[in-house]
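Engineer:
There are 2 protein chains.
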Amino acid sequence: MTKNASYILEMINNSHSHLTAEQIYLQLKEKNQAVVLSTVYNNLSYLYQEGLIRKIPVEGYPDRYDKILRHDHLVCRKCGQLSDILLEDLTEKLQNQLGISMLSYDLKIHYICEACQKKENEGEDS
Amino acid sequence: MTKNASYILEMINNSHSHLTAEQIYLQLKEKNQAVVLSTVYNNLSYLYQEGLIRKIPVEGYPDRYDKILRHDHLVCRKCGQLSDILLEDLTEKLQNQLGISMLSYDLKIHYICEACQKKENEGEDS
DNA sequence: TGTTAAAATTAGAATGATTCTAATTTTAAC
DNA sequence: GTTAAAATTAGAATCATTCTAATTTTAACA
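Respectively, the protein sequence lines represent chains R and B. Okay, so the first sequence: first residue is 10 according to our numbering, each after it adds one. Okay, so the second sequence: first residue is 10 according to our numbering, each after it adds one.
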């Protein structure tokens, strides 16, 4: 693992948000660890393929990268905002229902976040 | 709902695969119901926002569209192939664990499909 | 039936995320 | 120190998707 890769891995593991490739790129720049955007993508691909990070696609938004540590996600239908939530671990239950061997699972709960709900209500007022 | 929208909705509901916008566009062309690609996107956005279809983002592949009828998905880590699987309905269980109101959930099981497993094994031989 | 306004569609440009390519630099082993 | 492999860079290219403005269709109404 190269210095850049391990630095990016560390960033993702220490972050409490769900970084996009670009956010990682910008953070690196700020910390004077500047690299080029394609290097960030390269390293993210590498880390993902090695199973060291999670990659979370959300409809209509750039992919986000997340630590492996098991947890689930809430996604706002309106704005795509992503947040963490820890629900009951389903690994065993799912594995029992499947005939095949599961690498992992990805559970997203769709909802409307508070901010968007507020906006909706305001819209109704006028 | 316009003719195009309902036609596209019907296509999705009758399809056993998970169509991309482009596949829908090509199928329409074949059936002499030709429209332009942006119309397909417009209608898909509309149908999705109305909650009449599902939109499935898969890392590194174009979005796919699916019928609403509850079911879960298997995704191949290697090739992105998507297939249906019907697992125990988690709606109630999840709703109980959440404080908020859930619109829906999206469960993806990651695995390596047969074709990719075969390829991997062949690779090892040589 | 002709008129009109709204909605849908078209064509194609624009955007944004991501990948690719070729050249250059870094790394690490000999 | 030399060399080969791997990583990085710079920027072009690609692909999916959205946007814009012009045109067409639709459907209600005069």
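C-beta: ideal position from N, C-alpha, C; glycine also.
Confirm, please, whether the CB-CB distance from L95 (chain R) to I139 (chain R) is below 9 Å.
Structural biologist: Chain R is shown only over 10 to 135; residue 139 (chain R) falls outside these bounds and no answer can be derived.
Engineer: Whole alpha helix (DSSP H) runs in the region 15-92 of chain R with 4 or more residues, listed along the chain?
Structural biologist: Runs found: 30-39 and 46-58.
Engineer: Out of B:E101, B:K117 and B:L99, which one is the CA nearest neighbour of H82 (chain B)?
Structural biologist: For the purposes of this step, residue 82 (chain B) is taken as the residue at position 73 of the second sequence. Of B:E101, B:K117 and B:L99, the residue nearest in Cα terms is B:K117.
Engineer: Hey, would you say A30 (chain R) sits closer than 9 Å to P71 (chain R), going by beta carbons?
Structural biologist: Here the question's residue 30 (chain R) lines up with position 21 in the first sequence. Here the question's residue 71 (chain R) lines up with position 62 in the first sequence. Yes. Within cutoff.
Engineer: Please classify E129 (chain R) as buried or exposed, where buried requires at least 16 neighbouring CB atoms within 10 angstroms.
Structural biologist: The sequence position of residue 129 (chain R) within the first sequence is 120, counting from 1. So E129 (chain R) ends up on the exposed side.
Engineer: Using the beta-carbon count (16 or more within 10 Å), is N52 (chain R) buried or exposed?
Structural biologist: For this step, residue 52 (chain R) is matched to residue 43 along the first sequence. N52 (chain R) is buried by the Cβ-count criterion.
Engineer: Let's test the definition: count the other Cβ atoms within 10 Å of the Cβ of L56 (chain B) and tell me whether it reaches 16, buried, or not, exposed.
Structural biologist: Taking the second sequence and counting its residues from 1, the one referred to as residue 56 (chain B) is at position 47. So L56 (chain B) ends up on the buried side.
Engineer: Return the bridge partner residues of K117 (chain R) from the DSSP annotation.
Structural biologist: Reading the first sequence from its first residue, position 108 is the one you call residue 117 (chain R). According to DSSP, K117 (chain R) bridges with R:H82 and B:D115.
Engineer: Please classify R79 (chain B) as buried or exposed, where buried requires at least 16 neighbouring CB atoms within 10 angstroms.
Structural biologist: Here the question's residue 79 (chain B) lines up with position 70 in the second sequence. R79 (chain B) should be labelled exposed.
Engineer: Which of the residues in the region 87-108 of chain R, read from start to end, lie with their CB under 8 Å from any CB of chain B?
Structural biologist: Per Cβ criterion, the list reads I94, L96, E97, L99, K102, L103, Q106 and L107.
Engineer: Hey, how far is the Cα of C125 (chain B) from the Cα of S110 (chain R)?
Structural biologist: In the second sequence, the residue the question calls residue 125 (chain B) occupies position 116. In the first sequence, the residue the question calls residue 110 (chain R) occupies position 101. Looking at the two C-alpha atoms, the distance is approximately 14 Å.
Engineer: What residue range does the alpha helix (DSSP H) around E101 (chain R) cover?
Structural biologist: If you number the first sequence from 1, residue 101 (chain R) lands on position 92. Segment T100 to Q106, the alpha helix (DSSP H) holding E101 (chain R).
Engineer: Does the beta carbon of Y120 (chain B) come closer than 9 Å to any beta carbon on chain R?
Structural biologist: Here residue 120 (chain B) refers to the residue found at position 111 when the second sequence is read from its first residue. So, interface residue.
Engineer: Assuming I121 (chain R) and R86 (chain R) make a contact with CB atoms under 8 Å, what is their CB distance in whole Å?
Structural biologist: Translated into positions along the first sequence, residue 121 (chain R) becomes position 112. Translated into positions along the first sequence, residue 86 (chain R) becomes position 77. With a Cβ gap of about 6 Å, I121 (chain R) and R86 (chain R) count as contacting.
Engineer: Counting beta carbon pairs with one atom in the region 27-46 of chain R and one in the region 13-32 of chain B, are three or more of them shorter than 8 Å?
Structural biologist: With a cut-off of 8 Å, the region 27-46 of chain R and the region 13-32 of chain B do not count as touching, because too few Cβ pairs lie within range.
Engineer: Going along the chain, which residues of the region 39-72 of chain R sit with their C-beta nearer than 7 Å to a C-beta in chain B?
Structural biologist: Per Cβ criterion, the list reads K64, P66, V67, E68 and D72.
Engineer: For a contact defined as C-beta to C-beta under 7 Å, what are the partners of K117 (chain R) on chain B?
Structural biologist: Walking along the first sequence from the start, residue 117 (chain R) turns up at place 108. By Cβ distance, chain B contributes Y114 and D115.
Engineer: Between the alpha carbons of N13 (chain R) and T100 (chain R), how many angstroms are there, rounded?
Structural biologist: Within the first sequence, numbered from 1, the residue matching residue 13 (chain R) stands at position 4. Within the first sequence, numbered from 1, the residue matching residue 100 (chain R) stands at position 91. Taking the straight line from one Cα to the other gives about 32 Å.
Engineer: Please report the Cβ distance between Y16 (chain R) and Q42 (chain R), rounded to the nearest whole angstrom; I am assuming they are in contact, meaning their Cβ atoms lie under 8 Å.
Structural biologist: Taking the first residue of the first sequence as 1, we reach residue 16 (chain R) at position 7. Taking the first residue of the first sequence as 1, we reach residue 42 (chain R) at position 33. Right, the Cβ-Cβ distance comes to about 6 Å (below 8 Å), so this counts as a contact.
Engineer: Closest Cβ-Cβ distance between L18 (chain R) and chain B: below 9 Å?
Structural biologist: Position 9 of the first sequence holds residue 18 (chain R). Answer no: the Cβ-Cβ gap between L18 (chain R) and chain B never drops below 9 Å.
Engineer: For D98 (chain R), is the classification buried or exposed, using 16 other Cβ atoms within 10 angstroms of its Cβ as the cut-off for buried?
Structural biologist: By 1-based counting over the first sequence, the position of residue 98 (chain R) is 89. When all chains shown are included, D98 (chain R) counts as exposed.
Engineer: For L112 (chain R) and S92 (chain R), what's the separation of their Cα atoms in angstroms?
Structural biologist: Here the question's residue 112 (chain R) lines up with position 103 in the first sequence. Here the question's residue 92 (chain R) lines up with position 83 in the first sequence. L112 (chain R) and S92 (chain R): Cα-Cα distance of roughly 23 Å.
Engineer: To the nearest angstrom, how far is the alpha carbon of V44 (chain B) from that of Y50 (chain B)?
Structural biologist: The count along the second sequence starts at 1 and reaches residue 44 (chain B) at position 35. The count along the second sequence starts at 1 and reaches residue 50 (chain B) at position 41. Approximately 11 Å between the Cα atoms of the pair.
Engineer: Opposite I94 (chain R) in the DSSP bridges: which residues?
Structural biologist: Here residue 94 (chain R) is taken as the residue at index 85 of the first sequence, counted from 1. I94 (chain R) pairs with R:D81.
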